[in-house]
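A short worksheet on the structure shown next.
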Amino acid sequence: MTLTQIRRFSHSFVILICCCLPIVFGSSVTAARPRSPGWVQLSPTNSPPPRSYLAVMYDPASGKVIAFGGFDGTAYLNDTWTFDGKNWTQIAPQLSPPARAAAQMTYDSVSQKVVLFGGYDGTNYLGDTWLWDGTASQWIQATPVHQPPAVTGPMLFPDPNGRADLFGGFDGQFYQLSMWQWNGSDWMQLFPSTVPFARASAAVAANPFTGEVVMFGGLADVNPVNTWTYDGTTWTLQSPQTQPTWVYAGSAAFDPGRQSVVLFGGGSGGVDQNSTWVWGRGRPNWTHLPTVQSPPAREGAGMTYDAFLHRVILFGGQDNNGYFNDTWELIP
């Protein structure tokens, strides 16, 4: 996608060169194992077609990773796939969200549903809410009385109280800084005393060991090259000694084996990245994680922790030359 589309698609995405990123709190397909730590490319028999800016989340109800939508360079997509650790399987639910890219998903552990919100369909910024019922393998369109602004590239993440939270996004004119919480049937706006600078397409993940959400980078009119943490009540601007290069549409997930939030890749002013960073337990600092091998540089990939496999899983994304449909796991 391009930086102009990302802004539409993310600011909507940053422009056809250029969530949520998701997180929940076996092995997989046979592959050569690197010395730890390292990324291993898996070889599933079936895979979704290449795409970027898809929504990916682990669903504890089904014990599978779910992937929805995205953009393939030509069309916005609305297909649903699940990954069981060996293969991807396309699901044919009775009802599906309309095609879109740069939507985000997270898991609401109270209602035991995956929550999807926002995105861009090539014309419109979207503000509809959809719930994935993993026990029935069906999408349910929610009908909340209240809802966040229609945006692309929102940040969705699990609140320490188990609910699904949403921050920011881009509405076609402005980056947003409002925060909302899904209560199972409606959106409730939250008003923390301090909030991060308005942005979209930041990397975000929650660390249940520390009880904090970690957010880095994104697209913004005001400097997004910063790290914020949220404890369920208060956002705190961190001052790490080291941090990644500024990225938008980077991929983040919590890795229990490392007790850390893992950040991979992202776009950076037209130069996609393939470095891996961790925000560790009890250390308010980013640490570069040298890996034996790594996925090619990319932005807009889907990444989540697969609790069944005990691995961080990454799929898809794009670089300046095209779109990916490869699947990788991060070995401890």
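Residue numbering for the sequence shown follows the numbering used here, beginning at -19 and increasing consecutively. The beta carbon of each residue, even a glycine, is placed where N, CA and C say it ideally should be.
- Taking every protein chain shown into account, the CB of Ala183 has 16 or more other CB atoms within 10 angstroms, so this residue is buried.
- As computed with DSSP, Gly247 is found in a beta bridge with Tyr228.
- DSSP places His268 in the uninterrupted beta strand (DSSP E) bounded by Trp266 to His268.
- In the assembly as shown, Val95 is a buried residue. Its beta-carbon has 16 or more other beta-carbons within 10 Å.
- Straight-line spacing of the CA atoms in Pro275 and Val131 works out to 29 Å.
- By the C-beta density criterion, Gly262 is exposed, having fewer than 16 other C-beta atoms within 10 angstroms.
- Taken through DSSP and simplified to helix, strand or coil, Phe288 comes out as coil.
- Residue burial is scored here from C-beta neighbours: Ala55 has fewer than 16 other C-beta atoms within 10 angstroms and is therefore classed as exposed.
- Distances from the CA of Met283 to each of Ser231, Trp259 and Asn254 were compared; the closest alpha carbon is that of Ser231.
- Counting other Cβ atoms within 10 Å of its Cβ, Val125 stays below 16 and is therefore classed as exposed.
- In this structure, DSSP gives Ser76 a state outside helix and strand, which the three-state scheme calls coil.
- A direct Cα-to-Cα measurement between Pro188 and Gly102 gives close to 36 Å.
- In this structure, Gly53 keeps its C-beta atom at 8 Å or more from the C-beta atom of Tyr285.
- Within a 10 Å sphere around the beta-carbon of Phe171 sit fewer than 16 other beta-carbons, which makes this residue exposed.
- Under the three-state reduction of DSSP output, Asn58 falls in the strand class.
- Within the same chain, and ignoring the five residues on either side of Met135 in sequence, the residues whose Cβ sits closer than 6 Å to its Cβ are Phe147, Gly148, Ala182 and Val184.
- With a cutoff of 8 Å on beta-carbon distance, Leu199 and Pro224 are scored as not near each other.
- In this structure, Gly297 sits near Glu279, with a CB-CB distance shorter than 8 Å.
- Asp235 carries a strand assignment under DSSP once its states are collapsed to helix, strand and coil.
- Taking 8 Å as the cut-off, the Cβ atoms of Ser248 and Trp226 count as close.
- Taken through DSSP and simplified to helix, strand or coil, Gly191 comes out as coil.
- As a beta-bridge residue in DSSP terms, Asp39 pairs with Lys44.
- Arg179 places its beta carbon less than 8 Å from that of Pro204.
- When C-beta atoms of the region 104 to 122 are compared with those of the region 139 to 146, fewer than three pairs fall below 8 Å, so the two segments do not count as touching.
- Residue pairing of Gln127 in beta bridges, as defined by DSSP: absent, with no partner found.
- In the structure shown, the three-state DSSP call for Gly302 is strand.
- With respect to the C-alpha of Trp208, the residue from Pro236, Met168, Pro28 and Pro264 having the closest C-alpha is Pro264.
- Beta-bridge partners of Gly18 (DSSP): Ile311.
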